[in-house]
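**Student:** Quick one: structure below, then a few questions.
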Amino acid sequence: MRARTAVLCSVADQGVAALTNILVLVAAARLSTVADFARFSAVYLVFTVLLGVSGAYTGQPLVLRRGGGEETRSACRSAVAFTVLAAAALGALLAAVCFLVPGDTAWALLTLGLVLPVVLGQDAVRYAFSTLQQPHLALLSDLLRLACVLGALGAQVYGASPARLITVWGLSALPALLLSAALLHRSTAGAPLVLRPMLRRGHLGQRFTVEFGVGNATSQLSVLGLGAVGNPLLVGALRGATTLFGPLNVLFTSATSFGPPLLGRITEERRRVRATAALAAALAATAGLWATVLALLPDSAGRQLLGDTWSVAAALLPATGSQYAAMAVGTCGMLALRMLDPRTTLAVQVVFSLTAVAFLAGGYVIGGVLGAAWGLFLGSLCKAAATWIRVARIRRRKAAPDEAVTAGVLPSAP
Numbered sequence: 089m090r091a092r093t094a095v096l097c098s099v100a101d102q103g104v105a106a107l108t109n110i111l112v113l114v115a116a117a118r119l120s121t122v123a124d125f126a127r128f129s130a131v132y133l134v135f136t137v138l139l140g141v142s143g144a145y146t147g148q149p150l151v152l153r154r155g156g157g158e159e160t161r162s163a164c165r166s167a168v169a170f171t172v173l174a175a176a177a178l179g180a181l182l183a184a185v186c187f188l189v190p191g192d193t194a195w196a197l198l199t200l201g202l203v204l205p206v207v208l209g210q211d212a213v214r215y216a217f218s219t220l221q222q223p224h225l226a227l228l229s230d231l232l233r234l235a236c237v238l239g240a241l242g243a244q245v246y247g248a249s250p251a252r253l254i255t256v257w258g259l260s261a262l263p264a265l266l267l268s269a270a271l272l273h274r275s276t277a278g279a280p281l282v283l284r285p286m287l288r289r290g291h292l293g294q295r296f297t298v299e300f301g302v303g304n305a306t307s308q309l310s311v312l313g314l315g316a317v318g319n320p321l322l323v324g325a326l327r328g329a330t331t332l333f334g335p336l337n338v339l340f341t342s343a344t345s346f347g348p349p350l351l352g353r354i355t356e357e358r359r360r361v362r363a364t365a366a367l368a369a370a371l372a373a374t375a376g377l378w379a380t381v382l383a384l385l386p387d388s389a390g391r392q393l394l395g396d397t398w399s400v401a402a403a404l405l406p407a408t409g410s411q412y413a414a415m416a417v418g419t420c421g422m423l424a425l426r427m428l429d430p431r432t433t434l435a436v437q438v439v440f441s442l443t444a445v446a447f448l449a450g451g452y453v454i455g456g457v458l459g460a461a462w463g464l465f466l467g468s469l470c471k472a473a474a475t476w477i478r479v480a481r482i483r484r485r486k487a488a489p490d491e492a493v494t495a496g497v498l499p500s501a502p
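Okay, here's the thing in structure tokens:
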């Protein structure tokens, strides 16, 4: 596939995935009371964490591979199989534990455990298609999923329980999973299935999972923690605001997960970094533009999107929009670091993710829910600055030997 066609298909696929993600939360908000949407948001947040862990462990190491030989095809097939098996084991454990716990939230978590292999498996195949440079197949699968999600959630009535909505949402991904599995089997036929390397110590996914754990998951679980010990509506308010930025959230994740195969087509390292910086600027501008559009949205239109949750989410739009602009820069900085040296990103994640949690908690103490939202912005801003400082240092370190060779200080390679 030509580079331009691949880029167009990849961008279109991320757009469809973003649309699916936002429509799920919009539909849940419209079908639920404020209290039920808070419960749904908490469970969906758990899924988001598990999705990130799955992508970090199997997906992100996969897309760093180059070439379409048998080894790559085997890695794609093995990654998807590993994801489905791991999700089935984890989902069964989650369902068993929540079966013993009373309450609507526990019941919704139980149903999440049952559908976990379906939703994580369908996402894993998207990484495989990206690695195989077949984004058009991922686009086809995600279009089918979008149609199924719209049909399934559109058939629900107001007042549906969080558990029912989770079940309907999860099972609606089954047709897309079956189609993806069939297409992947055709693309990787004959390639061996090798699962053991993904369990060995030193697997790159283990490092990426730690990075995710101290990065995205830390802030998300901190929101859950503040909601548990403080105001329970905090989760729904922040989730409602971030729901409106759902397309950007998916694009940021996709930039890290699916950007390397596309940027890898650029052979010169300096040009790759410049392209990543241009992507950061474009995404930050998009975040600012989207925040402006949402701020100008009439209350009637906002309530059509989020129902009763709109009133609390609308007040957070300036802070959340600023956070997403900073996230755009930081996400692309992490992408540049990962392409330069994937083992340099962990320190940045640890230090500045914990800093973001501190800003979140401090902001909540000072200014409540609004203060927490601005705290998330400050954390994202610090992390963005740190990533690009590290990129500049690595580039200077790599450029120094080349300049020395050019000046005749060091001998050139034979």
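Per the working numbering, the sequence shown starts with residue 89, numbered consecutively.
Just so it is clear, CB atoms sit at the ideal spot from N, CA and C, and this is done for glycine as well.
If you're wondering where the values come from, they're calculated on a predicted model, not measured in any experiment.
1) CB-CB under 6 Å to L225, same chain, minus the five flanking residues each way: which ones, in chain order?
2) Output needed for A183: all residues of its chain with C-beta closer than 6 Å, excluding positions within five of it in sequence on either side, in chain order.
3) Could you tell me if K486 is buried or exposed, where buried requires 16 or more neighbouring beta carbons within 10 angstroms of its beta carbon?
4) What is the residue span of the alpha helix (DSSP H) that R289 lies within?
5) When you compare the CB positions of T331 and A117, do they come within less than 8 Å of one another, or not?
6) Rounded to whole angstroms, what is the Cα-Cα separation between S468 and F447?
7) Measure the alpha-carbon distance for R426 versus T433 and round it to whole angstroms.
8) If contacts are defined as beta-carbon pairs under 8 Å, then G209 and L139 qualify, I think. What distance do you get, rounded to the angstrom?
9) In this structure, how does DSSP classify A279 when only helix, strand and coil are distinguished?
10) Can you list, in chain order, the residues of its chain with a C-beta nearer than 6 Å to that of D101? Leave out the 5 residues immediately preceding and following it.
11) Keeping to the same chain, check which residues put their C-beta closer than 7 Å to that of A416; ignore five residues upstream and five downstream.
12) So, is Q221 buried or exposed, given that buried needs 16 or more other C-beta atoms within 10 angstroms?
13) Spatial neighbours of A77 within its chain, please: CB distance less than 6 Å, with the 5 preceding and 5 following residues excluded, ordered by chain position.
14) In chain order, what residues of the same chain lie with their CB nearer than 6 Å to the CB of V207, ignoring the 5 residues before and after it?
15) Work out the CA separation of S142 and V134 for me, nearest whole Å.
16) Any idea if E356 is buried or exposed, counting beta-carbon neighbours within 10 angstroms, 16 or more meaning buried?
17) Taking only the alpha-carbon atoms, compute the straight-line gap between V381 and V114 and give it to the nearest angstrom.
18) Using the rule of at least 16 other Cβ atoms within 10 Å of the residue's Cβ for burial, across every protein chain shown, is A501 buried or exposed?
19) Is it a yes or a no for the stretch 155 to 171 touching the stretch 280 to 293, going by three-plus beta-carbon pairs under 8 Å?
20) Using the three-state DSSP reduction, which class does T330 fall into: helix, strand or coil?
21) When the Cα of G440 is compared with those of F125, C420, L394, A472, which residue comes out closest?
22) Give the range of the alpha helix (DSSP H) segment to which R431 is assigned.
23) Using 10 angstroms around the beta-carbon of L336, count the other beta-carbons present and answer buried if the total reaches 16, otherwise exposed.
24) How would you call I514, buried or exposed, if buried means at least 16 neighbouring beta carbons within 10 angstroms?
25) What whole-angstrom Cβ distance do S275 and D192 have, given they're in contact under 8 Å?
26) Please determine, among G418, G456, W378, the residue with the shortest C-alpha to C-alpha distance to T364.
27) For T47, which three-state DSSP category applies?
28) Distance, Cα to Cα, L234 vs R484?
29) If you follow the alpha helix (DSSP H) that V254 is part of, which residue opens it and which one closes it?
30) For S129 and R391, I'd like the C-alpha separation in whole angstroms.
31) Count the other C-beta atoms from every protein chain shown that fall within 10 angstroms of the C-beta of R127, then say buried if there are 16 or more, exposed otherwise.
32) Using DSSP with H/G/I as helix, E/B as strand and the rest coil, what is I354?
33) Hey, could you find the ends of the alpha helix (DSSP H) R153 is sitting in?
34) State buried or exposed for L464, treating a residue as buried only when at least 16 other CB atoms are found within 10 Å of its CB.
35) Quick check: the Cα distance between L173 and L107, rounded to an integer number of angstroms?
36) Hey, could you find the ends of the alpha helix (DSSP H) V400 is sitting in?
**Tutor:** Per the coordinate set shown:
1) As a first step, residue 225 must be located in the sequence shown, where it is residue number 137. Only F217, L271 meet the Cβ criterion.
2) Here residue 183 refers to the residue found at position 95 of the sequence shown. Hits under 6 Å: L198, G201, L202.
3) Along the sequence shown, one-based indexing puts residue 486 at 398. With fewer than 16 other Cβ atoms within 10 Å, it is exposed.
4) The residue given as residue 289 occupies position 201 in the sequence shown. Run containing R289: none; DSSP gives neither H nor E here.
5) Indexing the sequence shown from 1 puts residue 331 at position 243. Indexing the sequence shown from 1 puts residue 117 at position 29. A distance below 8 Å separates the beta carbons of T331 and A117.
6) Residue mapping note: residue 468 aligns to position 380 of the sequence shown, counting from 1. Residue mapping note: residue 447 aligns to position 359 of the sequence shown, counting from 1. Their Cα atoms are separated by approximately 10 Å.
7) Walking along the sequence shown from the start, residue 426 turns up at place 338. Walking along the sequence shown from the start, residue 433 turns up at place 345. About 7 Å.
8) Locating residue 209 in the sequence shown gives position 121, counting from the first residue. Locating residue 139 in the sequence shown gives position 51, counting from the first residue. The Cβ separation is near 11 Å, so there is no contact.
9) Translated into positions along the sequence shown, residue 279 becomes position 191. A279 falls in the coil class under three-state DSSP.
10) Reading the sequence shown from its first residue, position 13 is the one you call residue 101. Same-chain partners within the cutoff: P223, A226, L227, D230.
11) For this step, residue 416 is matched to residue 328 along the sequence shown. Taken in chain order, the residues that qualify are F340, A368, L371, A372, A375.
12) By one-based count along the sequence shown, residue 221 stands at place 133. Q221 comes out buried.
13) In the structure as shown, the chain begins at 89 and stops at 502. Residue 77 is therefore absent and cannot be evaluated.
14) On the sequence shown, position 119 is the one that residue 207 refers to. Same-chain partners within the cutoff: G258, A261.
15) Looking up residue 134 in the sequence shown gives position 46. Looking up residue 142 in the sequence shown gives position 54. Using only the alpha carbons, I get a separation of about 12 Å.
16) Indexing the sequence shown from 1 puts residue 356 at position 268. Burial call: exposed.
17) The residue labelled residue 381 in the question sits at position 293 within the sequence shown. The residue labelled residue 114 in the question sits at position 26 within the sequence shown. So the two alpha carbons sit approximately 17 Å from each other.
18) Here residue 501 is taken as the residue at index 413 of the sequence shown, counted from 1. The predicted model places A501 with a pLDDT of 42, which falls under 50 and marks its position as unreliable, so this point remains unresolved.
19) Short answer: they touch.
20) Along the sequence shown, one-based indexing puts residue 330 at 242. In this structure, DSSP gives T330 a helical state, which the three-state scheme calls helix.
21) Within the sequence shown, residue 440 is the residue found at index 352, counting from 1. It is Phe, not Gly, that sits at residue 440 in the sequence shown. Comparing Cα positions, the closest option is A472.
22) In the sequence shown, counting from the first residue as 1, residue 431 sits at position 343. Element bounds for R431: n/a, residue is neither H nor E.
23) On the sequence shown, position 248 is the one that residue 336 refers to. The residue is buried, with at least 16 neighbouring Cβ atoms inside 10 Å.
24) Given a span of 89 to 502 for the chain in the structure shown, any question on residue 514 remains unanswerable.
25) The sequence position of residue 275 within the sequence shown is 187, counting from 1. The sequence position of residue 192 within the sequence shown is 104, counting from 1. About 42 Å separates the two Cβ atoms, so there is no contact after all.
26) Counting from one through the sequence shown, the residue named residue 364 turns up at place 276. Of the listed residues, the one whose Cα sits closest to T364 is G418.
27) The displayed coordinates of the chain run from 89 to 502. Any statement about residue 47 would go beyond what the structure contains.
28) For this step, residue 234 is matched to residue 146 along the sequence shown. For this step, residue 484 is matched to residue 396 along the sequence shown. Approximately 45 Å, taken between the alpha carbons.
29) Sequence index remark: in the sequence shown, residue 254 carries index 166 (1-based). Note that residue 254 is Ile in the sequence shown here, rather than Val. Where I254 is concerned, the enclosing alpha helix (DSSP H) stretches over 250 to 259.
30) Within the sequence shown, residue 129 is the residue found at index 41, counting from 1. Within the sequence shown, residue 391 is the residue found at index 303, counting from 1. Those two C-alpha atoms are separated by around 17 Å.
31) Along the sequence shown, read from residue 1 onward, the residue named residue 127 stands at position 39. It is buried - the Cβ of R127 has at least 16 other Cβ atoms within 10 Å.
32) Against the sequence shown, residue 354 aligns to sequence position 266. If DSSP states are grouped into helix, strand and coil, I354 belongs with coil.
33) Counting from one through the sequence shown, the residue named residue 153 turns up at place 65. Careful: R153 lies outside any alpha helix (DSSP H) and carries neither H nor E.
34) On the sequence shown, position 376 is the one that residue 464 refers to. So L464 counts as buried.
35) The sequence position of residue 173 within the sequence shown is 85, counting from 1. The sequence position of residue 107 within the sequence shown is 19, counting from 1. Taking the straight line from one Cα to the other gives about 28 Å.
36) On the sequence shown, position 312 is the one that residue 400 refers to. 398 to 402 is the extent of the alpha helix (DSSP H) around V400.
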